[in-house]
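Residues 205 to 338 (my numbering) are what the sequence shown spells out, left to right.
Here a beta-carbon is modelled for each residue, glycine too, at the ideal position from N, C-alpha and C.
For reference, the structure is listed below as structure tokens.
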Amino acid sequence: MNTNGSLNGFTLEQRKWMIARLLTTSDAAAARAVGVHPSTVCKWAEKPEIDKAIADLLEDPKSQAAAILLDALAEAARVKVGGLRSRREQVRQATAEQIMDRVLGKATQKQEVSGPDGAGIPIRVIGGIDLDDV
Numbered sequence: 205m206n207t208n209g210s211l212n213g214f215t216l217e218q219r220k221w222m223i224a225r226l227l228t229t230s231d232a233a234a235a236r237a238v239g240v241h242p243s244t245v246c247k248w249a250e251k252p253e254i255d256k257a258i259a260d261l262l263e264d265p266k267s268q269a270a271a272i273l274l275d276a277l278a279e280a281a282r283v284k285v286g287g288l289r290s291r292r293e294q295v296r297q298a299t300a301e302q303i304m305d306r307v308l309g310k311a312t313q314k315q316e317v318s319g320p321d322g323a324g325i326p327i328r329v330i331g332g333i334d335l336d337d338v
């Protein structure tokens, strides 16, 4: 695990095991949860670094949450994009808008401030100065 709490540098299988390890009570239970034989986990050359990363994550709940969310990010993106293939037009439109807003930023909403019938707003006195005389 690098200094910013990322799980980069570990294999996908190891990252899945690490997330499962945060949610279980033993290495073996985490291995079973992700479909890895417990003896495989013990044989990983990176096991000391993985154990250190787990300990660091358990000490810092914010990093733990970030690691879990980061691991789920790709799946969340796939689910969001999957909405574009919905049979319902309303779902496709909403999904397309949400994706564009996330990638491009929300579209700017223009707001016009005007008086009655679009006329200007008269400002007569501010701080004792008549703006019509300026």
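For R219, the enclosing alpha helix (DSSP H) begins and ends at 216-227.
In the three-state reduction of the DSSP assignment, S243 falls in the helix class, which pools H, G and I.
Under the 8 Å Cβ criterion, the region 287-305 does not count as touching the region 316-330, having fewer than three qualifying pairs. L226 sits close to I258, with the two beta carbons spaced by under 8 Å. Annotation for Q268: the continuous alpha helix (DSSP H) segment containing it runs 265-286. Under the DSSP assignment, T299 falls in the alpha helix (DSSP H) whose first and last residues are 293-308. For P252, the secondary structure class from DSSP, reduced to helix, strand or coil, is helix. The beta carbon of P326 sits closer than 8 Å to those of G319, all from its chain and outside the five residues before and after it, given in chain order. For I325, the three-state secondary structure derived from DSSP is coil. Between the alpha carbons of R219 and K256 lies a distance of about 13 Å. A straight line joining the alpha-carbon of A249 with that of G287 spans about 40 Å. Annotated three-state conformation of A311 is coil, per DSSP.
Taking each of G213, L273, T228, R236 in turn and checking the Cα distance to K251, the smallest one comes out for G213.
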